[in-house]
Amino acid sequence: RSKGVNVTENERNMIVAPAQDSWPLPNLPEEIIMQILLRLPVKSLLKFRCVSQSWRFLISSYNFAKAHIEVSTKNSKYAHDRLIFGSRDLPVDLYTCSLRSIVEDVSSGSIYPMIDESLIVDRVWFDCPLCELHDVICQEGSCNGLVCLALSVSTLILWNPTTRKHRVLPESVKDLDLNFDYIEITFGFGYDELNDDYKVVEISYLERDTGVLETQVKVYSLRNDSWKTLSNWPGGDTFGGCGKFLNGAIHWSVSGFDNMDEWAIVSHDLATDTFRELLLPDIEDDDVRVEIKLLGGSRFDKAHIKISTKNLYASMTNSSLAPKPFPLICTLILFTLMVGDSIVYSLHDVTGFIYPVTVEN
Amino acid sequence: MARKNRNPVGKNVDPEAQKKKTRTLTLKSSDGQEFSISESAAVLSIAIENMVEDDCAGGVIPLPLVDGGTLARVITYLNKHAEDGASDEEKRKFDEEFVSGMEMGVLFDVVLAANYLDIRGLLREVRRRIADRMKNKSVEWVRKTFHIESDFTPEEEEQMKKEFAWAWEGVDSDVDD
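Chains E and D, in that order, are what the protein sequence lines are. So in my numbering the end of the first sequence lands on 426, straight run, no missing numbers. So in my numbering the end of the second sequence lands on 212, straight run, no missing numbers.
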């Protein structure tokens with residue numbers, strides 16, 4: 066290594082030692098090794114489980130997996146976000162592409178869909194013998210890299226596309242008393258942070274042979290690997306597809322049994338299994354179509370908020386409502402309501418406050 | 036997006052920050068080399084900042100766990116990050132180039148120094164670079180690099196490999212790049 070006796074201070078500071086074959090390398094403390102491993106892709110980690118017993122123990126531990134998710138999702142604008150979609154033709158194949166590849170210029174804060182021939186789409190490997198028995202694969206939701214798939218109303222699968230592992234969930238116990246018909250069954254999937262548990266919610270809309278309509282709610286806990294039935298559903302029938310997970314709760318659009326014009330958005334807190342009806346903006350028009358969509362991911366950071374607001378504000382040419390500044394760090398839910406010819410976006414934060422945003426067309 | 040500079044250039048210059056810029060400290064490496072550095076650059080290391088605050092510096096700050104070659108590199112990094120008017124983009128580019136030419140052994144030295152001196156940004160950069168270099172390497176390369184002896188039987192290893200055989204696709208050669 067350079068001794069730098071006759072060099073000036075500045076020159077000395079710029080010294081870069083000549084390339085050297087420096088085996089053996091210094092020993093790194095365990096903490097640093099762990100921090101390095103947390104920055105490796107899952108594929109490498111699966112390979113490096115073979116390095117030693119202690120590496121296998123570390124990499125396979127639940128806490129390591131949790132920390133890995135945290136590191137992967139923090140401070141990166143869509144770097145690890147991927148879309149999964151199915152082929153149009155049978156048999157269904159699943160494909161994936163990075164979210165970055167279909168949005169333009171993430172760094173500047175604007176998102177535009179950008180789909181062209183250069184889009185790189187990969188085949189997703191899903192080795193599930195059960196799939197061959199079914200023609201349909203429905204994605205019921207995803208959270209922290211796990212995807213909930215339904216092959217039929219009674220065959221649910223939790224799947225980790227990154228490790229290519231999946232688990233078939235036990236069937237929810239359907240009522241043995243068969244004096245009713247299932248009219249519709251919908252699902253929602255999310256993460257209960259309080260109990261560190263993944264949960265699937267099944268809402269079935271059924272008709273008793275007496276003609277009475279009823280909604281049954283069942284919750285599957287991955288931790289307990291079992292289903293339980295909830296009896297505190299506030300009433301009404303879900304519509305508009307699977308529940309949307311955000312902020313520890315699954316959000317459902319719900320209509321009255323008798324009156325389809327009466328509708329509400331109900332959130333189901335996965336930690337407490339309580340239901341709450343969300344406040345909606347005042348809309349006088351009767352011609353309303355409601356659809357729950359999530360703006361961005363299930364977690365927002367500052368950057369996401371900026372992206373969202375910038376985009377919405379930019380398109381608010383004829384807004385009658387002055388934009389209200391968003392709190393810097395909060396989670397927002399976007400509901401789109403079709404009112405006549407225009408769309409009303411309604412943004413809710415965790416406290417239930419509504420940010421009404423009107424967008425022309 | 037508003038940028039936060041650690042050392043804002045402008046009319047309202049903090050007199051304390053100004054003083055730090057002109058004051059110099061001397062850092063002494065494990066092999067006895069001495070390096071001068073402005074205090075404003077040195078205190079980007081939390082460990083050095085604490086030593087300066089506790090006033091246990093006494094002119095020369097000995098860093099017995101960092102050799103001269105590594106310290107020279109660390110100081111180059113600190114000077115760039117304390118530079119007036121260097122934009123975030125410039126610093127990001129610098130970081131990229133700073134670590135890109137380093138061999139694994141040098142990266143290890145620098146990660147140890149950054150950890151010891153508590154320089155978060157540098158630590159983050161080097162950790163990421165090491166992970167990037169090792170991600171496609173073989174299990175054998177990792178064992179050699181991290182001084183680990185396998186405590187699996189060949190059968191156990193084969194079994195684990197079978198479980199995720201696809202993870203072994205695209206393994207690079209063991210030659211360090």
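We treat Cβ as the ideally placed atom computed from N, Cα and C, and that holds for glycine. Note that the structure is a prediction, hence the values are computed from the model and not measured.
Residue i in three-state terms, based on DSSP
{"i": "glutamate 342 of chain E", "result": "strand"}
{"i": "glutamate 249 of chain E", "result": "strand"}
{"i": "glutamate 69 of chain D", "result": "strand"}
{"i": "tryptophan 298 of chain E", "result": "coil"}
{"i": "alanine 121 of chain D", "result": "coil"}
{"i": "lysine 139 of chain E", "result": "coil"}
{"i": "proline 97 of chain D", "result": "strand"}
{"i": "serine 80 of chain D", "result": "coil"}
{"i": "aspartate 187 of chain E", "result": "strand"}
{"i": "asparagine 114 of chain D", "result": "helix"}
{"i": "leucine 105 of chain E", "result": "coil"}
{"i": "alanine 202 of chain D", "result": "helix"}
{"i": "glutamate 65 of chain E", "result": "Since the displayed chain E opens at 66 and closes at 426, residue 65 of chain E lies outside it and no answer follows."}
{"i": "cysteine 196 of chain E", "result": "helix"}
{"i": "histidine 133 of chain E", "result": "helix"}
{"i": "arginine 229 of chain E", "result": "coil"}
{"i": "serine 207 of chain E", "result": "strand"}
{"i": "lysine 466 of chain E", "result": "Outside the modelled stretch of chain E, which goes from 66 to 426, sits residue 466 of chain E, for which no answer is possible."}
{"i": "glycine 140 of chain D", "result": "helix"}
{"i": "glycine 104 of chain D", "result": "helix"}
{"i": "threonine 57 of chain D", "result": "helix"}
{"i": "threonine 337 of chain E", "result": "coil"}
{"i": "leucine 147 of chain D", "result": "helix"}
{"i": "lysine 196 of chain D", "result": "helix"}
{"i": "arginine 288 of chain E", "result": "coil"}
{"i": "arginine 127 of chain D", "result": "helix"}
Alpha-carbon spacing of residue i relative to residue j, whole angstroms
{"i": "histidine 316 of chain E", "j": "leucine 343 of chain E", "result": "9 Å"}
{"i": "proline 194 of chain E", "j": "isoleucine 165 of chain D", "result": "39 Å"}
{"i": "histidine 231 of chain E", "j": "asparagine 209 of chain E", "result": "14 Å"}
{"i": "threonine 280 of chain E", "j": "isoleucine 268 of chain E", "result": "7 Å"}
{"i": "phenylalanine 129 of chain E", "j": "glycine 308 of chain E", "result": "29 Å"}
{"i": "glutamate 69 of chain D", "j": "leucine 106 of chain D", "result": "10 Å"}
{"i": "phenylalanine 254 of chain E", "j": "valine 282 of chain E", "result": "13 Å"}
{"i": "arginine 114 of chain E", "j": "tyrosine 151 of chain D", "result": "28 Å"}
{"i": "isoleucine 98 of chain E", "j": "glycine 140 of chain D", "result": "14 Å"}
{"i": "glycine 306 of chain E", "j": "valine 233 of chain E", "result": "22 Å"}
{"i": "aspartate 144 of chain D", "j": "valine 265 of chain E", "result": "48 Å"}
{"i": "threonine 61 of chain D", "j": "leucine 147 of chain D", "result": "20 Å"}
{"i": "tryptophan 328 of chain E", "j": "tryptophan 298 of chain E", "result": "15 Å"}
{"i": "aspartate 209 of chain D", "j": "lysine 128 of chain D", "result": "28 Å"}
{"i": "tryptophan 120 of chain E", "j": "aspartate 186 of chain D", "result": "11 Å"}
{"i": "serine 80 of chain D", "j": "leucine 158 of chain D", "result": "11 Å"}
Own chain partners of residue i with C-beta closer than 8 Å, once the 5 adjacent residues on each side are dropped
{"i": "lysine 55 of chain D", "result": "Ser73, Glu74, Ser75 and Val78"}
{"i": "isoleucine 149 of chain E", "result": "Leu159, Tyr160, Thr161, Val189, Gln204, Ser207, Val212 and Pro226"}
{"i": "glutamate 184 of chain D", "result": "Arg178"}
{"i": "tryptophan 203 of chain D", "result": "Lys196"}
{"i": "valine 136 of chain E", "result": "Leu103 and Arg104"}
Cβ neighbours of residue i in the same chain (closer than 7 Å, five flanking residues each side left out)
{"i": "asparagine 171 of chain D", "result": "Gly205, Val206 and Asp207"}
{"i": "glutamate 160 of chain D", "result": "Asp130 and Val134"}
{"i": "isoleucine 248 of chain E", "result": "Tyr270, Leu271 and Glu272"}
Residue i, buried or exposed, once every other Cβ within 10 Å from all chains shown has been counted against 16
{"i": "threonine 251 of chain E", "result": "buried"}
{"i": "tyrosine 127 of chain E", "result": "exposed"}
{"i": "serine 291 of chain E", "result": "exposed"}
{"i": "leucine 100 of chain D", "result": "exposed"}
{"i": "serine 296 of chain E", "result": "exposed"}
{"i": "lysine 197 of chain D", "result": "exposed"}
{"i": "glutamate 51 of chain D", "result": "exposed"}
{"i": "arginine 104 of chain E", "result": "buried"}
{"i": "histidine 116 of chain D", "result": "buried"}
{"i": "glutamine 118 of chain E", "result": "exposed"}
{"i": "glutamine 100 of chain E", "result": "buried"}
{"i": "glycine 136 of chain D", "result": "exposed"}
{"i": "lysine 112 of chain E", "result": "buried"}
{"i": "asparagine 92 of chain E", "result": "exposed"}
{"i": "threonine 294 of chain E", "result": "exposed"}
{"i": "asparagine 289 of chain E", "result": "exposed"}
{"i": "isoleucine 110 of chain D", "result": "buried"}
Close beta carbons around residue i, own chain, < 6 Å, minus the five adjacent residues each side
{"i": "arginine 58 of chain D", "result": "Glu74"}
{"i": "alanine 200 of chain D", "result": "none"}
{"i": "proline 97 of chain D", "result": "Lys63"}
Next item on the list: Please list the residues of the segment 99-117 of chain E that have a C-beta atom closer than 7 Å to any C-beta atom in chain D, keeping them in chain order.
Entry: Correct list: Gln100, Ile101, Arg104, Leu105, Pro106, Lys108, Ser109, Leu111, Lys112, Phe113, Arg114, Cys115, Val116 and Ser117.
Note to self: By the 9 Å beta-carbon criterion, what residues does the segment 192-205 of chain D contribute toward chain E?
What the structure shows: Answer set for the segment 192-205 of chain D: Glu192, Met195, Lys196, Glu198, Phe199, Trp201, Ala202, Trp203, Glu204 and Gly205.
Notebook entry, point to check: Which residues, in chain order, does the segment 210-226 of chain E contribute to contact with chain D at a C-beta distance below 9 Å?
Noted result: So nothing in the stretch comes that close.
Note to self: Short of 9 Å Cβ to Cβ, which residues in the segment 147-158 of chain D face chain E?
What the structure shows: Flagged, chain order: Leu147, Asn150 and Leu158.
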